[in-house]
Amino acid sequence: MYAVIKTGAHQYKVSQGDLIEIDKLDGAEGDSVTFDKVMLLGGGKTVIGDPLVEGASVKAVIKRQFRDKKILVFKYKRRKNYKKTAGHRQPLTTVEIGEISS
Numbered sequence: 041m042y043a044v045i046k047t048g049a050h051q052y053k054v055s056q057g058d059l060i061e062i063d064k065l066d067g068a069e070g071d072s073v074t075f076d077k078v079m080l081l082g083g084g085k086t087v088i089g090d091p092l093v094e095g096a097s098v099k100a101v102i103k104r105q106f107r108d109k110k111i112l113v114f115k116y117k118r119r120k121n122y123k124k125t126a127g128h129r130q131p132l133t134t135v136e137i138g139e140i141s142s
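The opening residue of the sequence shown carries number 41 in the working numbering; numbering runs sequentially from there.
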């Protein structure tokens, strides 16, 4: 069985036992999280939400809180002596998908 969940501004296709990296969630390692925004349930019979599937939820456990690799943001305007460099590290959470219930 699999599900399509929405968290933050992203959608993820998940199955039981999957490890996914998502935008930072509040909580410590080992805390359990429930995703209520389930858009699709698949497996034996596919259920498509309008826009969400009523009563469906996905339970997960937070495995790790971390920050992603640094990306460089470079702005430049030719002939104007304008250069600006900035860095960004996105905070992420790794979760392990547990039970998918409909």
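Backbone N, C-alpha and C fix where the C-beta goes; we use that ideal spot for every residue, glycine too. As the structure is a prediction and not an experimental result, all values here were calculated from the model.
- Per the C-alpha coordinates, the member of 63, 64, 71 and 93 positioned closest to residue 141 is 93.
- The beta carbons of residue 43 and residue 78 sit closer together than 8 Å.
- Put simply, the backbone Cα of residue 66 is about 18 Å away from that of residue 97.
- Put simply, of 84, 91, 41 and 108 the residue whose alpha carbon is nearest the alpha carbon of residue 134 is 108.
- Partner residues in the beta bridge of residue 82, as assigned by DSSP, are 42.
- Spanning the alpha carbons of residue 75 and residue 90 requires a straight line of approximately 17 Å.
- Closest in alpha carbon position to residue 62, among 101, 121, 83 and 122, is 101.
- In the structure shown, residue 126 adopts extended strand secondary structure according to DSSP, grouped into three states.
- In this structure, the straight-line span from the alpha carbon of residue 54 to that of residue 120 is close to 49 Å.
- With a contact defined as Cβ atoms closer than 8 Å, residue 128 and residue 110 qualify at about 7 Å.
- According to the DSSP assignment, residue 76 belongs to no beta strand (DSSP E), since it is labelled neither H nor E.
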